[in-house]
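Q:
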Ligand SMILES: Nc1ncnc2c1ncn2[C@@H]1O[C@H](COP(=O)(O)OP(=O)(O)OP(=O)(O)O)[C@@H](O)[C@H]1O
Ligand SMILES: [Mg+2]
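Protein chains in written order, with this note's numbering: chain V, 14 to 240; chain L, -14 to 233.
Here's what the structure looks like:
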């Protein structure tokens, strides 16, 4: 029955590569957060060097996509898978970049005692981590329900980000000595909020891949917190 | 141009099943489908080329400009074939000069009385993007031309009688890629003036040239939609399987 066996195999391996890259940047973000919370400089450095791996994965997958288009002329569902992969790896690559930003922040703040535990930031990070997991599964299983859940979780991220923003600003007003740390925490929160947006993009692409419709699943997903 | 509930039989063998389609004017419509599914038969409905076959039978209606073309009281078949030109898979120039090939139709239809025959021939050859290559050897035999040139000559022959519709049955299947692209480019120019229906086995070609695509499977029109929709997200599972090459 299977006529295009070799093409099918290549498409399958493309999906696997994307899952690997997704899990890899997910792990980068986890490590970056751990490095920040535990003030672990070597772990932060590991994340920074991981970025080369993520970039290489990005380029490798994109190259495969372009080759498949050139040599196999994919159509319909196949074309949508490849178009989705090309877009999704760019979003994942950005998550890798933000993980590096968080890791660098971790290194900057490693010598200081934090003025407060990173509760809300950790909560955000956990949600983003969950979103990445769900978005990847949604891609693999073509699960629209899960893709929608990812977008819903983004609302929670926006909400926490806004609270965190107000809270940190409050600290800064009351005690200018906290401005340095609080500003960096604010940056981290912002990085996480951006990661969530990229993962929403992934979920929207999954929706396109399955239905052929390019929709904004979460019209509210752009952050309005700082406005 | 449209068909309404068309069934077509060769003897007991039904090869078209209840086909209803409206072919958009001044657009290129591609018909795709596996070998033997009825594409050529479908195409020949529009110039009544199926009529000549023994035991062939048609049910339903085929209309051009709202007129039933199988109504012998309303339609003269020779006139119909002038309005609806056809280009075949294998270039089939007549064994005569390039000029006479193109002048053939206008002569038998008496068109040359109205216009200068040389002008008609030149115009047709220009429209078919062949003029520059043959203008210095118009009186040489058409058989001396290359395959791609012969095919463009056949298109010129078809254009010379000023048709409204051009039917093309795998016009590029015997051509090299450059000639194919030339013919495809030509089709884009021609669609301003003509309604074109092309049968092709080459999915990429259908995707490149056509505005609408119909997928026929076992005599049924499974899906008919704008070409972008067919190749980006077809609605029917059979269409998807066919165009992604996963046909069992
Ligand atoms: N002159 C004929 N007499 C009897 N049966 C015919 C005749 N021409 C075609 N058929 C049958 O009708 C069916 C459709 O043929 P048709 O030529 O329309 O298919 P097609 O889609 O154009 O195929 P291909 O892609 O191979 O050109 C086939 O089963 C064929 O055997
Ligand atoms: Mg045929």
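Built from N, CA and C at the ideal position, the CB exists for glycine as well.
For residue 144 (chain V) versus residue 212 (chain V), is the C-beta distance shorter than 8 Å?
A: Going by C-beta atoms, residue 144 (chain V) is nearer than 8 Å to residue 212 (chain V).
Q: Quick check on this structure: which residue in L:110, L:-6 and L:122 has the alpha carbon closest to the alpha carbon of residue 142 (chain L)?
A: Checking every option, the nearest Cα to that of residue 142 (chain L) belongs to L:110.
Q: Check each candidate in L:15, L:119, L:232 and L:41 and name the one with the smallest Cα separation from residue 195 (chain L).
A: Of the listed residues, the one whose Cα sits closest to residue 195 (chain L) is L:15.
Q: If you draw a straight line from the alpha carbon of residue 142 (chain V) to that of residue 113 (chain V), how long is it in whole angstroms?
A: Rounded to the nearest angstrom, the two C-alpha atoms are 15 Å apart.
Q: Can you check whether the C-beta of residue 229 (chain L) is within less than 8 Å of a C-beta belonging to chain V?
A: Answer yes: the Cβ-Cβ gap between residue 229 (chain L) and chain V drops below 8 Å somewhere.
Q: Would you check if the stretch 132 to 146 of chain L and the stretch 87 to 96 of chain L touch, i.e. whether three or more CB-CB distances between them fall below 8 Å?
A: In short, these stretches touch, since the Cβ pair count reaches three.
Q: Just mark residue 77 (chain V) as buried or exposed, buried being the case when its beta carbon has 16 or more other beta carbons within 10 Å.
A: With 16 or more Cβ atoms within 10 Å of its Cβ, residue 77 (chain V) is classed as buried.
Q: So for residue 190 (chain L), helix, strand or coil by DSSP?
A: Residue 190 (chain L): helix per DSSP, three-state reduction.
Q: Quick check: is any heavy atom of ligand 1 less than 7 Å from the C-beta of residue 149 (chain V)?
A: No - ligand 1 has no heavy atom lying nearer than 7 Å to the Cβ of residue 149 (chain V).
Q: Residue 64 (chain V) bridges to which residues according to DSSP?
A: Paired residues: none, contrary to the question.
Q: Name the chain L residues that come within less than 7 Å of residue 83 (chain V), Cβ to Cβ?
A: The premise fails here: residue 83 (chain V) is roughly 12 Å from chain L at the closest Cβ pair, so nothing lies under 7 Å.
Q: Using only Cβ atoms and a threshold of 5 Å, which residues come within that distance of a heavy atom of ligand 1? Order them by chain position.
A: That gives L:-5, L:0, L:20, L:21, L:22, L:23, L:24, L:25, L:26 and L:38.
Q: Which partner residues of residue 46 (chain L) appear in the DSSP bridge assignment?
A: DSSP, once it has assigned bridges, lists L:-11 as partnering residue 46 (chain L).
Q: When every heavy atom of ligand 2 is checked, does at least one fall within less than 7 Å of the C-beta of residue 154 (chain L)?
A: Checking every heavy atom of ligand 2 against the Cβ of residue 154 (chain L), one is found closer than 7 Å.
Q: Just to confirm the assignment, what range does the alpha helix (DSSP H) spanning residue 165 (chain L) have?
A: Per DSSP, residue 165 (chain L) belongs to the alpha helix (DSSP H) from 162 to 175.
Q: Give the DSSP-derived three-state secondary structure of residue 77 (chain L) in the structure shown.
A: Coil at residue 77 (chain L), not helix or strand.
Q: Check whether the stretch 66 to 74 of chain L and the stretch 1 to 13 of chain L touch, using three or more Cβ-Cβ pairs below 8 Å as the test.
A: No, because fewer than three Cβ pairs between the stretch 66 to 74 of chain L and the stretch 1 to 13 of chain L fall closer than 8 Å, the two stretches do not touch.
Q: Tell me whether residue 127 (chain V) sits in a helix, a strand or coil according to DSSP, three-state version.
A: Of the three classes helix, strand and coil, the one that applies to residue 127 (chain V) here is coil, per DSSP.
Q: Quick check on residue 26 (chain V): does DSSP put it in helix, strand or coil?
A: In the structure shown, residue 26 (chain V) sits in a helix (DSSP, three-state: H, G or I).
Q: Could you name the residues of the stretch 6 to 30 of chain L whose beta carbon sits closer than 7 Å to any beta carbon of chain V, in the order they occur along the chain?
A: So nothing in the stretch comes that close.
Q: Do the stretch 74 to 84 of chain L and the stretch 131 to 142 of chain L touch if we need at least three Cβ pairs shorter than 8 Å?
A: Output reads yes: the stretch 131 to 142 of chain L touches the stretch 74 to 84 of chain L.
Q: Contact criterion: CB-CB distance below 8 Å. Does residue 218 (chain V) meet it with respect to chain L?
A: Not closer than 8 Å to any Cβ of chain L, the Cβ of residue 218 (chain V) fails to qualify, so no.
Q: Would you say residue 236 (chain V) faces chain L, with C-beta separation under 8 Å as the test?
A: With a pLDDT of 44 at residue 236 (chain V), under the threshold of 50, the modelled position of that residue is not reliable, and the figure given next carries that caveat. Chain L contact via Cβ: absent.
Q: Using 7 Å as the cut-off, classify the Cβ of residue 72 (chain L) as near or not near the heavy atoms of ligand 2, replying yes or no.
A: Flag unset: Cβ of residue 72 (chain L) not near ligand 2.
Q: Please confirm if the stretch 184 to 193 of chain L is in contact with the stretch 154 to 165 of chain L, defined as three or more CB-CB distances below 8 Å between the two stretches.
A: As far as the Cβ criterion goes, the stretch 184 to 193 of chain L touches the stretch 154 to 165 of chain L, which means the pair count is three or higher.
Q: Under a three-way DSSP split, which group does residue 128 (chain L) fall into?
A: It is helical.
Q: Helix, strand or coil for residue 33 (chain V), going by three-state DSSP, please let me know.
A: Residue 33 (chain V): helix per DSSP, three-state reduction.
Q: My guess is that residue 150 (chain L) and residue -14 (chain L) are in contact by the Cβ rule of under 8 Å, so how many angstroms apart are they, rounded?
A: Rounded, the Cβ-Cβ distance is 6 Å, consistent with contact.
Q: If residue 53 (chain L) sits next to residue 46 (chain L), beta carbons under 8 Å apart, how far is it from one beta carbon to the other, in whole angstroms?
A: Going by Cβ atoms, the distance from residue 53 (chain L) to residue 46 (chain L) rounds to 5 Å, so yes, they are a contact pair.
Q: Give the C-beta separation of residue 52 (chain V) and residue 123 (chain V) to the nearest angstrom, bearing in mind that I take them to be a contact with Cβ-Cβ under 8 Å.
A: Contact flag correct, Cβ pair sits at about 5 Å.
Q: Can you name the start and end residues of the beta strand (DSSP E) that residue 96 (chain L) belongs to?
A: Unbroken run through residue 96 (chain L): none, as it is neither H nor E.
Q: Output, in chain order, the set of chain V residues within a Cβ distance shorter than 8 Å of residue 232 (chain L).
A: Chain V residues near residue 232 (chain L): 16.
Q: Quick check on residue 194 (chain V): does DSSP put it in helix, strand or coil?
A: Of the three classes helix, strand and coil, the one that applies to residue 194 (chain V) here is helix, per DSSP.
Q: Compute every distance between the C-beta of residue 184 (chain L) and the non-hydrogen atoms of ligand 2, then say whether any falls below 7 Å.
A: Result yes, Cβ under 7 Å from ligand 2.
Q: Please classify residue 104 (chain L): is it buried, with 16 or more other beta-carbons within 10 angstroms of its beta-carbon, or exposed?
A: The residue in question, residue 104 (chain L), is exposed, as its Cβ has fewer than 16 Cβ neighbours within 10 Å.
Q: Could you check how far apart the C-beta atoms of residue 71 (chain V) and residue 34 (chain V) are, in whole angstroms? I think they sit under 8 Å.
A: Confirmed, Cβ separation roughly 7 Å.
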